[in-house]
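Mapping the sequence shown onto numbering that gives the first Met the number 0, position 91 (from 1) lands on 90, and the numbers just tick up by one.
All C-beta atoms, glycine included, are put in the ideal place defined by N, C-alpha and C.
Since the model is a prediction, treat every value here as computed from it, not as a measurement.
Structure, as structure tokens:
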Amino acid sequence: MSQPVEILLESVLTEKATQQSANLNQYVFRVHPKADRRSIKTAVQEAFGVTVRRVNVLIRKPKVKRDRFRRNNLSVKSGMKKAIVTLKEGDKIDLL
């Protein structure tokens, strides 16, 4: 996992993430499950050429969902690891 493409899987573009990027200069990425804070920080700095101030990491556990109409039909929503990256003031990332 030395390449930024291997660490940063995709950017999360939800309403909350868009508000964070506009107001707080924070960007949300879905990252590799084995990536740590240091590797996420270096990957963002190399990929976008910005200065990272802080990295927060969230892990969403997989959940079992039951079908409403067929009781015994179970499915699993996959878990994921997200990183909220705070940039230095004045730096921006154009995701669109």
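Ala34: not part of any alpha helix (DSSP H); DSSP gives it neither H nor E. Excluding residues up to 5 positions away in sequence, Val27 lie with their Cβ nearer than 6 Å to the Cβ of Ala16 in the same chain. Ranking Thr13, Val49, Arg70 and Met79 by CA distance to the CA of Lys62 puts Met79 first. The Cβ atoms of Ile39 and Val49 lie no closer than 7 Å to each other.
For Phe47, the secondary structure class from DSSP, reduced to helix, strand or coil, is helix.
With a 10 Å radius around the Cβ and a threshold of 16 neighbouring Cβ atoms, Ser20 comes out buried.
Distances from the CA of Asp35 to each of Val56, Val11, Leu12 and Val4 were compared; the closest alpha carbon is that of Val56.
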